[in-house]
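Going down the list, the sequences are from chains A and B.
In this text, residue positions in the first sequence follow our numbering: the first is 1, and each later residue adds one.
In this text, residue positions in the second sequence follow our numbering: the first is 113, and each later residue adds one.
We treat Cβ as the ideally placed atom computed from N, Cα and C, and that holds for glycine.
Computed from a predicted model, the values in this text were never measured in an experiment.
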Amino acid sequence: GQNIDQPTEMTATEGAIVQINCTYQTSGFNGLFWYQQHAGEAPTFLSYNVLDGLEEKGRFSSFLSRSKGYSYLLLKELQMKDSASYLCAVRDQRAAGNKLTFGGGTRVLVKP
Amino acid sequence: GAVVSQHPSWVICKSGTSVKIECRSLDFQATTMFWYRQFPKQSLMLMATSNEGSKATYEQGVEKDKFLINHASLTLSTLTVTSAHPEDSSFYICSARDQATQAFFGQGTRLTVV
Chain A
1 GQNIDQPTEM TATEGAIVQI NCTYQTSGFN GLFWYQQHAG EAPTFLSYNV
51 LDGLEEKGRF SSFLSRSKGY SYLLLKELQM KDSASYLCAV RDQRAAGNKL
101 TFGGGTRVLV KP
Chain B
113 GAVVSQHPSW VICKSGTSVK IECRSLDFQA TTMFWYRQFP KQSLMLMATS
163 NEGSKATYEQ GVEKDKFLIN HASLTLSTLT VTSAHPEDSS FYICSARDQA
213 TQAFFGQGTR LTVV
């Protein structure tokens, strides 16, 4: 099975930086995804890492270390609209359909 | 990016009735679709993996006779919640994957059983 852990909640100030950590344990790792989900809406894709290193996309960056089973999502220049849940998901190549397993999500609250 | 359309966005039904939710991939062929359920303030829980032309693979603890999944074409999968009860009230989300990397999510369906 898989075990994916991420903090439950984080609070940050507008304009600041927040780092959301995700640790995972899986036997058939085949990629890690980060999604953003606003309340009552479906998740939207943010980033994908399959190799070690940092992927930067505008204000959002995602890092992966496969040997450590660790990833983080970095949100820079926080805006009020960034208040949402951020979901870490791991793909298992040994599972039917290369399914994604989601962590519990991290609720980020951005304050003025 | 690819578009996945899920319908309806919300539905209210009486206890004991059945509800069908559709998930369509609009601009790509989805060989695999996934159905998730999400309770308030919780993460997405995978219910089943649906492959075109074959039986769905259900996750442990998900009743296959209660949650009927049909994936008859490469662009359409349906989830039918049979004999719905108030505890089935939840946010149901589908995602579709083509041969490439990521899966795309539908808009979600909020089911309320009264």
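Inter-residue Cα distance where the pair is residue i and residue j
| i | j | result |
| --- | --- | --- |
| Arg-136 of chain B | Val-116 of chain B | 6 Å |
| Arg-66 of chain A | Val-226 of chain B | 46 Å |
| Met-10 of chain A | Leu-109 of chain A | 6 Å |
| Val-18 of chain A | Tyr-170 of chain B | 36 Å |
| Leu-64 of chain A | Asn-3 of chain A | 16 Å |
| Phe-60 of chain A | Tyr-204 of chain B | 27 Å |
| Arg-94 of chain A | Leu-100 of chain A | 11 Å |
| Leu-223 of chain B | Pro-152 of chain B | 12 Å |
| Phe-102 of chain A | Ser-47 of chain A | 14 Å |
| Asn-49 of chain A | Gly-69 of chain A | 12 Å |
| Pro-112 of chain A | Gly-105 of chain A | 23 Å |
| Gln-25 of chain A | Thr-44 of chain A | 24 Å |
| Phe-72 of chain B | Thr-187 of chain B | What the structure shows of chain B is the stretch from 113 to 226, and residue 72 of chain B is not part of that stretch, so it cannot be assessed. |
| Thr-161 of chain B | Ala-89 of chain A | 16 Å |
Contacts that residue i makes with chain B (C-beta to C-beta distance below 8 Å)
| i | result |
| --- | --- |
| Lys-99 of chain A | Phe-146, Leu-158 and Thr-161 |
Same chain, Cβ closer than 8 Å to residue i, five either side skipped, listed in chain order
| i | result |
| --- | --- |
| Cys-206 of chain B | Val-116, Gln-118, Ile-133, Cys-135, Met-145, Phe-146, Trp-147, Tyr-148, Ser-189, Leu-191, Phe-217 and Gly-218 |
| Asn-98 of chain A | Asn-30, Arg-91 and Asp-92 |
Of the residues the options, the one placed nearest residue i, counting alpha carbons only
| i | options | result |
| --- | --- | --- |
| Thr-129 of chain B | B:Arg-209, B:Thr-221, B:Asp-200 and B:Tyr-204 | B:Asp-200 |
| Thr-194 of chain B | B:Lys-176, B:Thr-187, B:Leu-186 and B:Ser-166 | B:Lys-176 |
| Pro-7 of chain A | A:Thr-26, A:Ile-20, A:Leu-51 and A:Thr-13 | A:Ile-20 |
| Lys-167 of chain B | B:His-197, B:Asp-139, B:Pro-120 and B:Ala-184 | B:Ala-184 |
| Phe-179 of chain B | B:Ala-196, B:Asn-163, B:Thr-187 and B:Glu-164 | B:Ala-196 |
| Gly-220 of chain B | A:Asp-5, A:Gly-40 and A:Lys-68 | A:Gly-40 |
| Glu-56 of chain A | A:Lys-76, A:His-38 and A:Ala-42 | A:Lys-76 |
| Gly-15 of chain A | A:Ala-89, A:Cys-88, A:Ser-83 and A:Leu-87 | A:Ser-83 |
| Leu-78 of chain A | A:Gly-58, A:Leu-87, A:Ala-89 and A:Ser-71 | A:Gly-58 |
Own chain, CB closer than 7 Å to residue i, minus 5 neighbours either side, in chain order
| i | result |
| --- | --- |
| Asp-215 of chain B | Here the sequence assigns Ala to residue 215 of chain B, which means Asp is not the residue at that position. Taken in chain order, the residues that qualify are Phe-146, Ser-207, Ala-208 and Arg-209. |
| Lys-126 of chain B | Val-226 |
Residue i: contacting residues in chain A (beta-carbon distance under 7 Å)
| i | result |
| --- | --- |
| Phe-100 of chain B | Chain B is shown only over 113 to 226; residue 100 of chain B falls outside these bounds and no answer can be derived. |
| Ser-155 of chain B | Leu-87, Phe-102, Gly-103, Gly-104 and Gly-105 |
Partners in chain A for residue i, counting only beta-carbon separations shorter than 9 Å
| i | result |
| --- | --- |
| Ile-205 of chain B | Ala-42 and Pro-43 |
Contacting residues, own chain, Cβ-Cβ under 6 Å from residue i (five flanking each side not counted)
| i | result |
| --- | --- |
| Asn-182 of chain B | Thr-190 |
Amino acids of chain B, ordered along the chain, whose beta-carbon sits closer than 9 Å to that of residue i
| i | result |
| --- | --- |
| Cys-63 of chain A | Note on identity: in this sequence residue 63 of chain A is Phe, with Cys being the wrong assignment. Correct list: empty, because the minimum Cβ distance to chain B is about 18 Å. |
| Phe-29 of chain A | Ordered by position in chain B, no residue passes the 9 Å Cβ test against Phe-29 of chain A, which lies about 14 Å from the chain. |
Partner residues on chain A for residue i, Cβ-Cβ distance less than 8 Å
| i | result |
| --- | --- |
| Gly-165 of chain B | Residues of chain A passing the Cβ test: none, with the nearest at roughly 13 Å. |
Self-check item: In chain order, each beta strand (DSSP E) run of at least 3 residues that lies wholly inside the stretch 25-66 of chain A
Solution: 29-37, 44-49, 53-57 and 60-65
Quiz item: Curious, which full-length beta strand (DSSP E) runs of at least 3 residues does the stretch 121-170 of chain B contain?
Solution: Taking only runs of at least 3 residues, the beta strand (DSSP E) segments lying wholly in the stretch 121-170 of chain B are 122-125, 131-137, 144-150 and 157-163.
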